[in-house]
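In the numbering used here, the protein residues as written are 15 to 413.
As structure tokens, this is what we get:
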């Protein structure tokens, strides 16, 4: 394979069999990137256009009602709350960057897709499912890195820094990108592996194996060098095209599965201890004190989150039950209930990427408000078990 650098952001790869792959690295919110994609695509006249998108994100960007069709209750039931928020936070951050340059997030990728459609050129969506990426980043991170990942996520949500068009263009500079990647590797190595390294391989392999002899690929500039290296490794036979291992969510570790049973087991053992040592009456009293301290504290947090009054009862009743399960949490119950009691409007889905960056927006937007209730009641249940119950026990119980 030979590599020809045609500009700072355009590389042409010629494979051993004579096929060519033209890679265009973009900043995703750069007006110059959009123009560069158009010009390079016209000059290349490819027989396949590869896009750094997966099916889910492609639909979200091209179908106006993609968010409208979101079933919030299903989101909570399937444990996808963090995934939806992470994706929305990223979209919000990119949108705010794009407002300063006049280019919306991913416009250059969509314009490439539109060009291909007009010219009758097939397209290939080459990125890994965003859900798998986020799940792998989360699963591969330790407890402390999970905290840092959440801090980074909410930091991006409420980031108010404005980016000039010049700042955006600098993001395509290789030195700048190397510095950013190095920082991510140091701070969040597991997340970097899932978000960058694995996707480099996935994107490169998908582009390499896509049909066509003269392929054109639009990718984020941060993936350029990783993709070139991976395609070179594929050509040389140093790696194969099997992506099965990085295409699925890793199974929870044994320690992770056992950790979910720690609190339920501790509560059960404590209650049994009370019954055996203090008798049925005192044991039952201590058990009810735990039920009430957990339920009432969770209900208080539901009230503070401005949940629907009927959802206060859901929080009160479901909190003690959810604590005893390593599979479901109280947030699932209260989130589903809030989504049913205060059904989001179309407007809420349309403004979610703007509302997510303001404190008021988390209460005004009905979609985000369901997430507010989810997090508030989850936190309330933890407080009720870890902090409130010991205090109530010292005052009213016997241990």
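We put the CB at the ideal spot given by N, CA and C, even for glycine.
Query: Residues of its chain near residue 90, where Cβ-Cβ distance is below 6 Å and the 5 sequence neighbours each way are ignored; Result: 346, 349 and 350
Query: Per-residue DSSP class, three states only, for residue 70; Result: helix
Query: The segment 62-69 / the segment 241-250 touching (three or more Cβ pairs under 8 Å); Result: no
Query: Nearest residue (CA-CA) to residue 368, options 357, 381 and 54; Result: 381
Query: Contacting residues, own chain, Cβ-Cβ under 6 Å from residue 228 (five flanking each side not counted); Result: 34, 60 and 61
Query: Straight-line Cα distance separating residue 311 from residue 321; Result: 14 Å
Query: Beta-carbon contacts of residue 285 that lie in its chain and below 8 Å, excluding the five residues immediately before and after; Result: 297, 300, 301 and 304
Query: DSSP beta-bridge partners of residue 65; Result: 139 and 232
Query: Local Cβ density within 10 Å of residue 220, reported as buried at 16 or more and exposed below that; Result: buried
Query: Closest by C-alpha distance to residue 132, when choosing among 52, 208 and 207; Result: 52
Query: Residue 33 in three-state terms, based on DSSP; Result: coil
Query: Nearest-angstrom beta carbon gap, residue 231 and residue 37 [assumed within contact, 8 Å]; Result: 5 Å
Query: Range covered by the alpha helix (DSSP H) that runs through residue 28; Result: Per DSSP, residue 28 belongs to no alpha helix (DSSP H); it is in the beta strand (DSSP E), 24-28.
Query: Proximity below 7 Å, CB of residue 129 to CB of residue 248; Result: no
Query: Paired residues, beta bridge with residue 40 - DSSP; Result: 234
Query: Euclidean distance between Cα positions of residue 323 and residue 317; Result: 8 Å
Query: Range covered by the beta strand (DSSP E) that runs through residue 352; Result: First-last for residue 352: 344-355, but that is the alpha helix (DSSP H), not the beta strand (DSSP E).
Query: Check whether residue 328 and residue 395 have beta carbons under 7 Å apart; Result: no
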